[in-house]
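Trainee: Sharing a structure with you now.
Protein chains: 2
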Amino acid sequence: MEQYLVGVDVGGTNMRMGIVTPDGRILKKIQYPTDMSRGGLAMMEGLVSRIQDFVRKGTRGVRSEIRVGIGVAGPIDMRRGVLIAPPNLPDLHGFPLREFLQEKISLSTAIENDANAFTLGEGWKGAARGCLHYCGITLGTGVGGGIVVAGNILHGAEGLGGEVGHMALNPEGPLCGCGGRGCLEVYASGSGIRRMILEAIEKSDGKGIVHKSKEGLRKITSEEVFEAAQKGDETALKVFNEMGSYLGLGLVNLVNLFNPEKIVIGGKVSRAWNFFIEKAKEVVWQRAMKGQREKVEIVQADCGDDAGILGAAYAALKLE
Amino acid sequence: MEQYLVGVDVGGTNMRMGIVTPDGRILKKIQYPTDMSRGGLAMMEGLVSRIQDFVRKGTRGVRSEIRVGIGVAGPIDMRRGVLIAPPNLPDLHGFPLREFLQEKISLSTAIENDANAFTLGEGWKGAARGCLHYCGITLGTGVGGGIVVAGNILHGAEGLGGEVGHMALNPEGPLCGCGGRGCLEVYASGSGIRRMILEAIEKSDGKGIVHKSKEGLRKITSEEVFEAAQKGDETALKVFNEMGSYLGLGLVNLVNLFNPEKIVIGGKVSRAWNFFIEKAKEVVWQRAMKGQREKVEIVQADCGDDAGILGAAYAALKLE
């Protein structure tokens, strides 16, 4: 009997799902906008029908063993299978996701945090292929991460481990959404870049980006900062340099604590790679420990939007 | 046939070894001063004779399977079994410890970093007994650490992982011996406390500790700062408060990254527990993530000087 994996990436903007073979080929995939208009529970129920429909159509006529893996944003209590304060799905705090899926879908189902799914996907088929010890970082609206130790995702006591975005890097740094200060996330995320550009413009002499109207500035996005950097805007370049320097500090901690073979960096903000990575690597070279720093390769993610599907499928493959 | 473990703690000041049962009772132990006068290799050869002698005497007449575990200060390349820049044994950089022991002692032999041995000892018989996910920190001349993930020490790609003392906590902080800046070690070690008290005295108005002679101040030890704190010296109390606040930041990172059940803190500087732990816990409560921070218990080590012997014995027990 053939085995198929269904990898599902539950994002705040889009839902993606793919039928994946046990050796990691995506046979078929679909994507549709996330509809949160009727709340989180309705969204989850909709998701279940979509998965069932997708499985039916995707495996028509083939007798097969099917497993489902689902990657969801936000911390998951992995012992109980319960969502903890998911950032895009606030009304699903405390939602018993594992139990819900087991009831609704009569298939073996794995759940995983989205950043962990990204990390597993990159380790299975992407930039960290073949590594037993590596870290994944997603630079998006926030900063997520996953850590693989001896081939397994580091979950910790309750599945809340691997919060790479909330390493404290600067005791006097800006407040972070997590309640801490100076976390990696306040420097290396899309919203961190927005904050830094606004601060820089306030201090600057009016060059480059600052020619936007006041209204335009209020709404500036990290993508626009990236575009400005591509045009050589000095303020934007400075912001990415600062971002790279803090990202570098975060990498130092990962290198010293985990002695990884690779650190894979993805997420939409990583498109600005050339504007921050040199600075980040320089900080790693200056500050990480000898031995560890020679070993690690810092690389860009490789699977694009498929990392989440692949990683969720991989979590299902590894279900015991 | 009975099984015995020989746990050996190779310290810069003292050598300790114990005969340990598979359930973690120390049947017999000895301790003698480390003699480095004839260099590292001579010390290692002396150690081997001591171990052989100790095994002979300790198991006389009993047919038994014996395994040896050795904890050594400093990073160890665990793939190759080679010492990397051991702080107390500088001439043993690159020494092929595993091979050397296998040749000299015809017994199964495990090697482990001393901070990892401490951590394993505390997990086997001490303050983290029964935990699958925990961290150990030793506050000594430097700051060492070990991290246990799902029951196993986190070694990383080459055995250089777990360098808790070299998490970067303050980008503008003092230079650290590792080449970084503002590492946990520059705040929470004996030498960090020495540095902080000297800086504080320079800035202070001449109260308390500053009544020592200039000569006395130059030689001040972290123990003397501890004694001064016990007598209510304000400058000493401030230093331990600052130390606690940075230790707290380090704990925040461990809590967010590892979601541990416990963090066990030992080492000679931890004798000053009451002068820094409240501040450290306050920082964890303010800055670590909800979920993780509720789970973790921060506790004092329990095995005293035996942790190293026990942990090394445990590493031998778990040899495959």
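Line order of the protein sequences matches chains V and Y. Sequential numbering from 37 applies to the first sequence in the numbering used here. Sequential numbering from 37 applies to the second sequence in the numbering used here. The beta carbon of each residue, even a glycine, is placed where N, CA and C say it ideally should be.
1) Using 8 Å as the Cβ pair cut-off and three pairs as the minimum, do the region 76-83 of chain V and the region 118-132 of chain V touch?
2) Could you give the first and the last residue of the continuous beta strand (DSSP E) run that contains Y/Ala146?
3) Have a look at the DSSP bridge pairing and note the partners of Y/Thr174.
4) Residues of chain Y with CB under 7 Å from V/Val288, in chain order?
5) Is Y/Asp341 helix, strand or coil by DSSP?
6) State yes or no: is the beta carbon of V/Val179 nearer than 7 Å to at least one beta carbon in chain Y?
7) Answer with yes or no whether the minimum CB distance from Y/Pro132 to chain V is below 7 Å.
8) Where do the N-terminal and C-terminal ends of the alpha helix (DSSP H) with Y/Lys317 fall, by residue?
9) If you compare alpha carbons, which of Y/Glu314, Y/Phe294, Y/Gly43, Y/Thr174 is closest to Y/Gly105?
10) Taking V/Glu260 as part of the alpha helix (DSSP H), name the residues at either end of that continuous run.
11) May I ask which residues mark the beginning and end of the alpha helix (DSSP H) holding V/Arg254?
12) For Y/Asn50, count the other beta carbons within 10 Å of its own beta carbon; 16 or more makes it buried, fewer makes it exposed. Which is it?
13) Do you know how far the Cα of V/Leu353 is from the Cα of Y/Gly172?
14) If you measure between the beta carbons of Y/Lys140 and Y/Val222, is that distance less than 7 Å?
15) Rounded to whole angstroms, what is the Cα-Cα separation between Y/Leu355 and Y/Ile189?
16) For Y/Asp71 and Y/Thr257, I'd like the C-alpha separation in whole angstroms.
17) Under 7 Å, Cβ to Cβ, is there at least one residue of chain V near Y/Asn124?
18) If you count every other CB in all the chains shown that lies within 10 Å of the CB of Y/Asp341, and 16 or more means buried, which is it?
19) Have a look at V/Leu346 and V/Gly302 and give me their C-alpha separation to the nearest angstrom.
20) Write down the C-beta distance between V/Val320 and V/Leu273 rounded to the nearest angstrom, noting that I regard them as a contact closer than 8 Å.
21) How many Å lie between Y/Asp45 and V/Glu318 at the Cα?
22) Using a C-beta to C-beta distance shorter than 7 Å, which residues of chain Y count as neighbours of V/Val185?
23) Using a Cβ-Cβ distance cut-off of 7 Å, determine whether Y/His169 contacts chain V.
24) Along the chain, where does the alpha helix (DSSP H) that runs through Y/Val279 open and close?
25) Alpha carbon to alpha carbon, how far is Y/Gly48 from Y/Gly107? Give it in angstroms, no decimals.
26) When Cβ atoms are compared, which residues of the region 295-327 of chain V fall closer than 8 Å to chain Y?
27) By DSSP, does Y/Lys64 sit in helix, in strand, or in coil?
28) At a Cβ threshold of 7 Å, is Y/Glu199 touching chain V?
29) Leaving aside the five residues before and after V/Asn149 along the sequence, list all residues of the same chain whose C-beta is less than 6 Å from its C-beta, in chain order.
30) Output, in chain order, the set of chain V residues within a Cβ distance shorter than 9 Å of Y/Asn292.
31) If we count the other Cβ atoms within 10 Å of its Cβ and call it buried at 16 or more, is Y/Ser199 buried or exposed?
32) Distance check for Y/Ile55 and V/Cys212, CA to CA, integer angstroms please.
33) With a cut-off of 8 Å, do at least 3 Cβ pairs link the region 292-308 of chain Y to the region 320-338 of chain Y?
Mentor: According to the structure shown:
1) yes
2) 144-149
3) Y/Gly180, Y/Gly302
4) Ala204, Gly216
5) helix
6) no
7) no
8) 309-323
9) Y/Gly43
10) 258-266
11) 250-254
12) exposed
13) 33 Å
14) no
15) 13 Å
16) 23 Å
17) no
18) exposed
19) 14 Å
20) Not really, about 20 Å apart at Cβ, beyond 8 Å.
21) 37 Å
22) Val185, Leu190
23) yes
24) Residue identity check: residue 279 of chain Y is Met in the sequence provided, not Val. Here the alpha helix (DSSP H) through Y/Met279 covers 270-294.
25) 12 Å
26) Asn295, Pro296, Glu297, Gln322, Arg323, Ala324, Met325, Lys326, Gly327
27) strand
28) yes
29) Ile112
30) Leu196, Gly197, Gly198, Glu199, Val200, Gly201, His202, Met203, Ala204, Cys214, Gly216, Cys219
31) Looking at the sequence shown, residue 199 of chain Y is not Ser but Glu. With 16 or more Cβ atoms within 10 Å of its Cβ, Y/Glu199 is classed as buried.
32) 50 Å
33) yes
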